[in-house]
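Under this note's numbering, the first residue of the sequence shown is numbered 10, with each subsequent residue one higher. C-beta atoms are modelled at their ideal positions from N, C-alpha and C, and glycine is treated no differently. Note that this is a predicted model, so its numbers are computed, not measured.
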Amino acid sequence: MTLKQPKEPRIFSLADSGTLTLPFGENLKPIGDRANSIWLYIVPRGLRSLMNYIREKYGNPPVIITENGMDDPNNALTPIKDALKDAKRIKYHEAYLESLLASIKYGSLVAFMF
């Protein structure tokens, strides 16, 4: 029997919750870069897909985004000046904001994001 990879990635998880996560898409490639948590991947296109889904499924209501971020390892020995050079987080927010802007340009309504 041959199993085919689904078109949409299926997520399985093994974390504190006891679930199993395998965040892979086509050709078993990861769906994005991993944040610090084993279950949290950086997938900006997911925000645009979600906004498009909300627009189409629910008639485009204004959306309030109350949380958007990524975790990273905490190293108390890292000097503050080095900790502030947070290129991964800057790239994260830039990519998610670009994705959100694309969905807004396509017609999605975002009331607030904080």
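Taking C-beta separations shorter than 6 angstroms and ignoring five residues to either side along the sequence, the partners of residue 71 in its chain run 118, 120, following chain order.
With 16 or more other CB atoms across the displayed protein chains lying within 10 angstroms of its CB, residue 50 is buried.
Fully enclosed alpha helix (DSSP H) runs of no fewer than 4 residues occupy 96-114 of the region 90-118, in order along the chain.
The beta-carbon separation of residue 122 and residue 77, rounded to 7 angstroms, stays under the 8 angstroms limit for a contact. For residue 73, the uninterrupted beta strand (DSSP E) run begins and ends at 72-74, by DSSP.
In the pairwise beta carbon analysis, the region 109-118 is classified as not touching the region 87-97: fewer than three pairs are separated by under 8 angstroms. Between residue 81 and residue 97 the beta-carbon gap is near 7 angstroms, inside 8 angstroms, which marks them as a contact. Cβ contact annotation for residue 60 (same chain, cutoff 6 angstroms, sequence separation greater than five): 112, 117, in chain order. In the DSSP annotation of this structure, residue 47 is not part of any alpha helix (DSSP H), being labelled neither H nor E.
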